Structures are given as structure tokens and as C-alpha cells.
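Asker:
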Amino acid sequence: MTNISTIANPLRVPRDVYRRYAIFGVCAVIVLTVGKDIIIDETDWARMGTLQEMVKTALWFLPELSFFPKTVGPLLETLLIALWGTVLAVVVSMPIAYLAARNITPIKWITYPLGRGLIVLSRSTHEIIFALIFVSALGLGPLPGILALATRSLGFLAKTTAEAIENANPGPIEAIQATGANPLMVFCFGIMPQIFPIFVGNVIFQLDINIRRASILGLVGGGGIGLMFAEVMQNLQYGRAGTIVVGITAMVVVGEFISNRVRVRLI
Amino acid sequence: MKKNVTLAYDSYRQDEVRSGLWKFVGLLIFIAFAFWTIDVLKIPIERVLSMFGRLGTMVSERLLPPEMAYAAQPKVVDSIIETIEMSILGAVIGTFITMPLAWFAAWNVTPSRLFLYPLSRAIIVVTRGMPTLMWAMVLVAIFGFGPFAGMLALVKATIGFAGKLMAEQIEAIDMRRVEAIRATGANELDVLFYAVIPQVWANWVGIIIYNWDAQLRNSTILGFVGAGGMGLYLREQISIIEYQTAMSIIVVIIVIVVLSEMASQFLRHRLY
Amino acid sequence: MNRLVEPDSGTVVLDGVDITSLGKSSLRKARRNMGMIFQEFNLIDRLTVLENVLSGTLGVTSSLRGIFRAFQGDDIQRAIELCERVGIIDHIRKRADQLSGGQRQRVGIARALMQQPKILLVDEPTSSLDPKIGREVMDLLKSITKEAHIPMLVSVHDIFLAKNYSDRIVGLQGGEKIFDQPTASVEADAFDKIYHEAS
Numbered sequence: 071m072t073n074i075s076t077i078a079n080p081l082r083v084p085r086d087v088y089r090r091y092a093i094f095g096v097c098a099v100i101v102l103t104v105g106k107d108i109i110i111d112e113t114d115w116a117r118m119g120t121l122q123e124m125v126k127t128a129l130w131f132l133p134e135l136s137f138f139p140k141t142v143g144p145l146l147e148t149l150l151i152a153l154w155g156t157v158l159a160v161v162v163s164m165p166i167a168y169l170a171a172r173n174i175t176p177i178k179w180i181t182y183p184l185g186r187g188l189i190v191l192s193r194s195t196h197e198i199i200f201a202l203i204f205v206s207a208l209g210l211g212p213l214p215g216i217l218a219l220a221t222r223s224l225g226f227l228a229k230t231t232a233e234a235i236e237n238a239n240p241g242p243i244e245a246i247q248a249t250g251a252n253p254l255m256v257f258c259f260g261i262m263p264q265i266f267p268i269f270v271g272n273v274i275f276q277l278d279i280n281i282r283r284a285s286i287l288g289l290v291g292g293g294g295i296g297l298m299f300a301e302v303m304q305n306l307q308y309g310r311a312g313t314i315v316v317g318i319t320a321m322v323v324v325g326e327f328i329s330n331r332v333r334v335r336l337i
Numbered sequence: 306m307k308k309n310v311t312l313a314y315d316s317y318r319q320d321e322v323r324s325g326l327w328k329f330v331g332l333l334i335f336i337a338f339a340f341w342t343i344d345v346l347k348i349p350i351e352r353v354l355s356m357f358g359r360l361g362t363m364v365s366e367r368l369l370p371p372e373m374a375y376a377a378q379p380k381v382v383d384s385i386i387e388t389i390e391m392s393i394l395g396a397v398i399g400t401f402i403t404m405p406l407a408w409f410a411a412w413n414v415t416p417s418r419l420f421l422y423p424l425s426r427a428i429i430v431v432t433r434g435m436p437t438l439m440w441a442m443v444l445v446a447i448f449g450f451g452p453f454a455g456m457l458a459l460v461k462a463t464i465g466f467a468g469k470l471m472a473e474q475i476e477a478i479d480m481r482r483v484e485a486i487r488a489t490g491a492n493e494l495d496v497l498f499y500a501v502i503p504q505v506w507a508n509w510v511g512i513i514i515y516n517w518d519a520q521l522r523n524s525t526i527l528g529f530v531g532a533g534g535m536g537l538y539l540r541e542q543i544s545i546i547e548y549q550t551a552m553s554i555i556v557v558i559i560v561i562v563v564l565s566e567m568a569s570q571f572l573r574h575r576l577y
Numbered sequence: 005m006n007r008l009v010e011p012d013s014g015t016v017v018l019d020g021v022d023i024t025s026l027g028k029s030s031l032r033k034a035r036r037n038m039g040m041i042f043q044e045f046n047l048i049d050r051l052t053v054l055e056n057v058l059s060g061t062l063g064v065t066s067s068l069r070g071i072f073r074a075f076q077g078d079d080i081q082r083a084i085e086l087c088e089r090v091g092i093i094d095h096i097r098k099r100a101d102q103l104s105g106g107q108r109q110r111v112g113i114a115r116a117l118m119q120q121p122k123i124l125l126v127d128e129p130t131s132s133l134d135p136k137i138g139r140e141v142m143d144l145l146k147s148i149t150k151e152a153h154i155p156m157l158v159s160v161h162d163i164f165l166a167k168n169y170s171d172r173i174v175g176l177q178g179g180e181k182i183f184d185q186p187t188a189s190v191e192a193d194a195f196d197k198i199y200h201e202a203s
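So the sequences go chain by chain: A, B and C. End of the first sequence sits at 337 in this note's numbering; the numbers just go up one at a time, nothing left out. End of the second sequence sits at 577 in this note's numbering; the numbers just go up one at a time, nothing left out. End of the third sequence sits at 203 in this note's numbering; the numbers just go up one at a time, nothing left out.
#1: May I ask you to verify whether the region 369–379 of chain B touches the region 544–562 of chain B, counting CB pairs closer than 8 Å and requiring at least 3?
#2: Please confirm if Val322/B has its CB atom under 8 Å from at least one CB of chain C.
#3: What are the start and end residues of the alpha helix (DSSP H) that includes Arg89/A?
#4: Run down chain C in chain order and give the residues with a C-beta less than 7 Å from the C-beta of Ala313/B.
#5: Using a beta-carbon distance below 8 Å, is Val556/B in contact with chain A?
#6: Identify each residue in the region 55–78 of chain C for which the Cβ-Cβ distance to at least one residue of chain A is less than 7 Å, and report them in chain order.
#7: Kindly indicate if chain B contains any beta-carbon less than 8 Å away from that of Thr382/A.
#8: Can you tell which of Arg32/C, Gly27/C and Thr15/C has the C-alpha that lies nearest to the C-alpha of Ile255/A?
#9: Would you give the residue range spanned by the alpha helix (DSSP H) that Ile554/B belongs to?
#10: Where Ser136/A and Gly143/A are concerned, what is the direct C-alpha to C-alpha distance, given to the nearest angstrom?
#11: Could you run through the region 143–156 of chain C and flag, in chain order, every residue whose CB is less than 7 Å away from some CB of chain B?
#12: For the region 341–356 of chain B and the region 140–160 of chain A, state whether three or more C-beta atom pairs, one from each stretch, are separated by less than 8 Å.
#13: Check whether the region 36–52 of chain C touches the region 236–249 of chain A, counting contact only when three or more Cβ pairs, one atom from each stretch, lie closer than 8 Å.
#14: Considering only C-alpha positions, which residue in the set Leu346/B, Arg318/B, Leu333/B and Leu368/B is nearest to Glu547/B?
#15: As a quick exercise: from Met142/C, Asn168/C and Thr52/C, pick the residue whose alpha carbon is nearest that of Ser186/C.
#16: Who are the Cβ neighbours of Leu521/B in its own chain at under 6 Å, not counting the five residues just before and after it?
#17: Does any residue of chain A have a CB that is nearer than 8 Å to the CB of Gln102/C?
#18: Tell me where the alpha helix (DSSP H) around Phe200/A begins and ends.
#19: Would you verify that the beta carbon of Val501/B is, or is not, closer than 8 Å to some beta carbon of chain C?
#20: Per DSSP, which residues does Ile173/C bridge with? Please list them.
#21: Taking the alpha-carbon positions, what's the Ser223/A to Leu346/B distance?
#22: How many whole angstroms separate the CB atoms of Asn516/B and Ala396/B, which I take to be in contact at a CB cut-off of 8 Å?
#23: Does the region 84–91 of chain C come into contact with the region 52–68 of chain C, if we say contact requires no fewer than three beta-carbon pairs (one atom in each stretch) closer than 8 Å?
#24: Taking 8 Å as the cut-off, does the region 485–505 of chain B touch the region 462–470 of chain B (at least 3 CB pairs, one atom from each stretch)?
#25: Quick check: the Cα distance between Arg108/C and Asn309/B, rounded to an integer number of angstroms?
#26: Here's the rule: buried if 16 or more other CB atoms are within 10 angstroms of the residue's CB, otherwise exposed. What is Lys229/A?
#27: Do Leu336/A and Val270/A count as a contact pair if the criterion is CB distance below 8 Å?
#28: Tell me Gly39/C's beta-bridge partners as DSSP assigns them.
#29: Are the CB atoms of Gly175/C and Ala192/C within a distance shorter than 8 Å?
#30: Using 8 Å as the limit for Cβ to Cβ distance, is Thr231/A near chain C?
#31: Ordered along the chain, which non-local residues of its own chain (more than five positions away) have a Cβ less than 6 Å from that of Thr388/B?
#32: Along the region 381–395 of chain B, where does the CB come closer than 7 Å to a CB of chain A? Name the residues.
#33: Buried or exposed: Asn272/A, going by 16 or more other Cβ atoms within 10 Å of its Cβ?
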């Protein structure tokens, strides 16, 4: 009978053990160096004040309930900006998804990288940056905010739609092609019905995220509650700021709840 | 036989008309909503088309080409490093807090369904709902300018982001192993370490990497509100109308984000 | 034949038209005359049976009508009649993915016939079906094409089907034509040449 103690424990094979410890060691060193840099060197501990002062400041943020009614208007404005920004993103993302889908892009070596490039730009740039650009060109107001949101969201929508198109079952596509239908019809009947549920799910998902994004666009003049927030923060009216934070968080949470329900029912 | 066909035909046509009517009504409501929005938000719809022309010239003349030399200055490079460090620290600390929180927030193995479960779920949902930039502004008010506030903001973002994903992973595990360990009389902590973690660990590492990528994106912009990192210089340059130098920061941000996404994709694929 | 897969060499001529040399839009026009039936049925799952059959007209229906799925009355009438002919009229309002395999293939047949094609291209129509259902489908195909005088080009690997449902058999092996004869005159060992290695 085999002596159990002579069977090697696969978890204790020397090479793997060393590798794990090495990775862990490198990570620990990175974290400690970084920690030292940030916490010890960069942070101005002297100006931060004592713990007491910090707690006192924090307590100032407790929501000032009487202020709440004033926030409703801007919150609704934020909601509208999020809504229309998403609608615009949906419209613009469809042609981009068409370009970025390997199987249906028209001129593979031009339009495919173009589509994918636009997607990358859209997804890597923070909406604040887009808002800054649109505000400086179009002035303050909700319109640049809507445009900024749209530019930010179209990347995700185009990417997921393009991937859905690439993964679509080619059989039905071939069937429609076999009838002699033009490319638009092939898309409408062969591809679109396949990607529709995924697409709608993603739109709802983005709508949800966009409510959160829209709330900070006002910080740079893009309309919505961000402007009010910047004002009250500047005026040190921290209780009102707290009210706004609570208001926007509540709106986002409710939105997320609704969007989850709708998405579950869709599948 | 002919009657069968006619019946089917008529019923199909009827349905077509009815659904067409509904779609038309829907379209009308949509258009009405659009007009109402334009009115309520006071969108200057007449000027929209001319605006796009202005946008084009503005981008090509005032924003481009980006003055990359600005970003190469030592103070800016330092801030870039600070951005990355902030993201690492925020993500790491956030992850350590999130892991037990995710355990509490998983319906199937949470040690306390009555108390810890709803509490942890609420924490995750609320931290997700709060816009990170707003939270960063609050933290700056309390803790002062600098990367410390930014790091804490990233901790919150991590809890919201990774918390939900990690909890979902736990809820998707095979419960039989959990029951097997429970049957030996082990306490909940043992159940966690012997039945839960081995099953979710691979996915969790992926989530941790994905989260760090997301937090890096966040950290590039936190400086805009004074919470440390390169965003500070972005704001500074914009406020003095130096758009081309501001663009250099934006270019660096895009490069960082793209590299980090590629790295995160690569690492996550190597793990599966 | 309809260049869903491009041929490596040679030409395909239908009614005097060289299919292999056609440009994109001419190819689309040519495809209207070639109805196709697939091994995997290739229906549009989310659409109803009736809509699937109507999609056979997409080669000639205007794009505007197509986008809104507002097909012409005549086409709808004809589609329903075809559905009755293939035996699925009770299911025309159901989603295609709610049907059984045999029913789906019937829809595929109706769709191909909607094109009023000059020829039917049939790719392994029964490989995804139970043998009994497969025979029913082949019976249906045979009777419909005889009624409508539409020639059928069927690719199968089942000798029984080849012998019982065709007037002429072309045997292929490795891309080479081994024989091409009226069914009645094909000898028993002709199939051996195809299915067994030459010894």
C-alpha cells in the first residue's frame, strides 16, 4: 500500500510555491512603496488638521432636509439629460457598430479600424473631458451635457453591438442573402432580430450609468444638478451638498432597481 | 380550404393595423416628449446646426495639435505617477474591504441574513450610486487637497464596483461543496475558506484586475476637483485657456487608459 | 451554386446566365431565381412563421416595406397559401423557435417557394431530422416541385433518399464527378465507388 506521505501535494510543488510567493512579494513591495509615497510624502498632514476637526467637517455634510425641494428641478434636469444623451448614443452607435463588426464592415482595412478607433476614443475619455469640449464650443447649458454623454456612451453600445453582430449565427444571414436581398434587408432580417435582446439590455444598462454621469456634468457647465452642487460646495454650504448627494444617490439606486427588473423581464 | 386562408389573412391584417396604430402613437409621444424637453431645458434648437460648424473649427484650430511638451515637464510627470500610485493604493485597500463585504452580501453564504446581508448590500448599492467625483469633492473638503482624498474616493468606487461583481460570483457557486464542509461541523469562517474561496478565487482575481483598470480611469480625472493626480493640471490649463496644453494631458489620459485596458484584457485572458 | 460559398474553379450557368461571373447587384438579382433550403433550416428565430415565409420576398420587396415589415397584400396572401400547402397553417403566428424540426423545414420550404424560383437548391434537407419526419419532408418536396414544375438540386449522402426521390443522380467524390445518370439506370455498385475506397 502506498504510503500517503510520499504522494506529493500538488499545492506544494516547489516551483509553483516560489512563483506564488514571488508574485505576492512583488505586489507587497509595490503597494508599500506606493503607500509610502501617497500617504506619507504627498499628503499634507499638517494642513489636514486634527481628527476632531475632520470629523466635525464630515458632520457638516449631514443632509439639510429643507433644501431638498430646491434640488428636485435640477435632478429632473439631470434625468432628462441622461435620457436624451442615451437616445442620441443609441442612434450614433448603430452605424459605428456596423463599421466595427468584422463580418459586415464594408471596406475591411479602412472602416474596421475606424469604427474600432472611435469606440476606443469614446470609452477612454471621461465624460467631463467631452463636456469641457462641448461647453467651450456651444456655451453652457444642458445641450453640451447631452452631447457629452452621448459621445461617452456610444463607445460601449457600439462595441457590444459589434461583438453581438460578430457572434451572430451566420445561418439565418445566409438564408436572407440567398433570397437576393440587399445588404440593408440582410441586416434587418438576418442580423437585427438576433442582436435585439442584447442591444436593448445594454441600452438600459447605459441609461442607468448615464444618470450617474449626468450628475457631474454640471460641474463644468453641462447642466443638471452638478452646477448646484459646485455652487453649494464653494459656498461651504455642506449640509446642502449632503442633500444633493443623497438625492442623486437615491435617484441612481431607484434607477438601477427599475433597470434590473426590466432587464430580467426581457430575458 | 380557401376560407382558412382568408381567415388567416384577415386576422393578420387586423393585427398589423392595430400594432401599426400603437407604434404610431408611440412615435407621437416620443416626438412630443422631445419637444417638451427642448422647451423645459431651454435648448437653443435654432442654433444647433451652426454650433456644429463652430465645434469643428474650434477643435481643429484651438485644441489641436496638442502641445505634448507640456506633459513632459517634471511636475506633470510626477502627477502622472501620483495618479497611478493613487489608483493602486485605492484599489488595493478597497479590495481588502470589499472581499469580506462581498461575503456578507452573498445571499447563499452570508453569515447573517438578517443583519449583515441587508447592511452590506445597502453599502454596496449606495457606494455604487454615488458619483465618485462628487464624493471626491466631499472628501477634499474633509481631508484637504491631495491624493489622500482621491485614494479614499477610489476605495469607495472599488467597494461599489467590485463589491457587486464579487458578491454575484459567490452567489453563483456550487452549494454542494458548501454543504459538504458545513456537514463536518465547521464554522462559517471555515466554510468561507474551504468551500467558497476556492471556487470564486479565479474569478475574483479577474475582477480585481478589472477593478484596477476602472479605478485608473477614475483616478486620471480626480485631480480635476483637487483630489490628486494629473487632473489638477487639466483644470489649471483650461482655466487659463491654454487648450493645447490641456489637450496634452487629455492625450496622456487616453494613452494610459488604453494601455491599462489592454493590460487588463491580457492578464484576464491569461488567467482563464 | 448561389455563391454563398465561392467556387474554386469552373462556372455555373442558370438559364443562360453565368452566375459565377456576376457582380454584386447582378448576383442578388440572380439569387431571386434560386430558392434555397438549408440543412439547419436557418429560420429567423424571433420572427413568426408567416414573417419567415414572407422574408423569401426580400429580394424584390422594397427596403422601406422591409424595415417596417409591411409586406404587400398579395405577398401575404400567397405566403399563407404556401403555409397551408406545406401543412403549417395552424402555426403561422407562432415564433419560429417554437416549432419542431420538421415544422421548421416546412417553413424553410415555403420561404424558398415564395421566391417563385426557377430552381430549388436543397442542402441536406433531412440530415437534422428524424428519419420518419425526413421522409415526410422529402415527400412534400417531391410533390410540390412536381406540381409547380420547379427543378430541384438536392445534395444528400443518404443513398435511399437519392434513389427514391430523384430523376437523375450525380455522384461526387472528392470534388470529382464520378457519374451522372438517370436514376433508373444507376447500377447498384455505382454508389460503392463513392462510399468505399478504391481497392
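C-beta atoms are modelled at their ideal positions from N, C-alpha and C, and glycine is treated no differently. Only a predicted model underlies this, so the values are computations on that prediction, with no experimental measurement involved.
Answerer: Result, derived from the coordinates:
#1: yes
#2: As a first step, residue 322/B is located in the second sequence; it is residue number 17 there, counting from the start. No, no contact with chain C.
#3: Counting from 1 along the first sequence, the entry for residue 89/A is found at position 19. Note, Arg89/A: alpha helix (DSSP H), Pro84 to Gly105.
#4: For the purposes of this step, residue 313/B is identified with residue 8 of the second sequence, where counting begins at 1. The contacting residues are Ile84, Ile93 and Ile96.
#5: Your numbering for residue 556/B matches position 251 in the second sequence. False, the Cβ-Cβ gap to chain A never drops below 8 Å.
#6: Ser59, Gly60, Leu62, Gly63, Ser67, Gly70 and Ile71
#7: Lying outside 71 to 337, the shown extent of chain A, residue 382/A is not represented and no answer is given.
#8: Here residue 255/A refers to the residue found at position 185 when the first sequence is read from its first residue. Here residue 255/A turns out to be Met, not Ile, going by the sequence shown. In terms of CA proximity to Met255/A, Arg32/C leads the group Arg32/C, Gly27/C and Thr15/C.
#9: Position 249 of the second sequence, counted from the start, is the residue given in the question as residue 554/B. Taken as a continuous stretch (DSSP letters only), the alpha helix (DSSP H) holding Ile554/B covers Tyr548 to Leu576.
#10: As a working mapping, residue 136/A is identified with position 66 in the first sequence. As a working mapping, residue 143/A is identified with position 73 in the first sequence. Going by the C-alpha atoms only, they are around 15 Å apart.
#11: none
#12: yes
#13: Look at the beta carbons and you see the region 36–52 of chain C touching the region 236–249 of chain A: at least three pairs across the two are nearer than 8 Å.
#14: Position 242 of the second sequence, counting from 1, holds the residue named residue 547/B. Of Leu346/B, Arg318/B, Leu333/B and Leu368/B, the residue nearest in Cα terms is Leu368/B.
#15: Taking the first residue of the third sequence as position 1, residue 186/C is located at position 182. The sequence as given places Pro at residue 186/C; Ser does not occur at that position. Minimum Cα distance to Pro186/C is reached at Asn168/C.
#16: Indexing the second sequence from 1 puts residue 521/B at position 216. Its chain contains Ser392 and Ser565 as the residues whose beta carbon lies nearer than 6 Å to that of Leu521/B, once the 5 sequence neighbours on both sides are disregarded; these appear in chain order.
#17: Taking the first residue of the third sequence as position 1, residue 102/C is located at position 98. No, because no Cβ of chain A sits closer than 8 Å to the Cβ of Gln102/C.
#18: The count along the first sequence starts at 1 and reaches residue 200/A at position 130. Glu197 to Leu208 is the span of the alpha helix (DSSP H), which, as asked, contains Phe200/A.
#19: Translated into positions along the second sequence, residue 501/B becomes position 196. No, because no Cβ of chain C sits closer than 8 Å to the Cβ of Val501/B.
#20: As a working mapping, residue 173/C is identified with position 169 in the third sequence. DSSP output for Ile173/C lists Gln185/C as bridge partner(s).
#21: What you label residue 223/A is simply residue 153 of the first sequence in a count that begins at 1. What you label residue 346/B is simply residue 41 of the second sequence in a count that begins at 1. Those two C-alpha atoms are separated by around 21 Å.
#22: Within the second sequence, numbered from 1, the residue matching residue 516/B stands at position 211. Within the second sequence, numbered from 1, the residue matching residue 396/B stands at position 91. Correct: roughly 6 Å between the Cβ atoms.
#23: Cβ pair count under 8 Å is three or more, so yes.
#24: no
#25: Along the third sequence, read from residue 1 onward, the residue named residue 108/C stands at position 104. Along the second sequence, read from residue 1 onward, the residue named residue 309/B stands at position 4. Each residue's alpha carbon lies about 21 Å from the other.
#26: Here residue 229/A corresponds to residue number 159 of the first sequence, with the count starting at 1. Result: buried.
#27: Along the first sequence, read from residue 1 onward, the residue named residue 270/A stands at position 200. Along the first sequence, read from residue 1 onward, the residue named residue 336/A stands at position 266. A contact, by the Cβ cut-off of 8 Å.
#28: Residue mapping note: residue 39/C aligns to position 35 of the third sequence, counting from 1. DSSP output for Gly39/C lists Leu124/C as bridge partner(s).
#29: Taking the third sequence and counting its residues from 1, the one referred to as residue 192/C is at position 188. Taking the third sequence and counting its residues from 1, the one referred to as residue 175/C is at position 171. Cβ distance not < 8 Å, so Ala192/C and Gly175/C don't count as in contact.
#30: As a working note, residue 231/A is residue 161 in the first sequence. Answer no: the Cβ-Cβ gap between Thr231/A and chain C never drops below 8 Å.
#31: The sequence position of residue 388/B within the second sequence is 83, counting from 1. Around Thr388/B: Ser524, Thr525, Gly534 and Met535.
#32: If the cut-off is 7 Å between Cβ atoms, the region 381–395 of chain B has Glu387, Glu390, Met391, Ile393 and Leu394 near chain A.
#33: Here residue 272/A corresponds to residue number 202 of the first sequence, with the count starting at 1. Label assigned to Asn272/A: buried.
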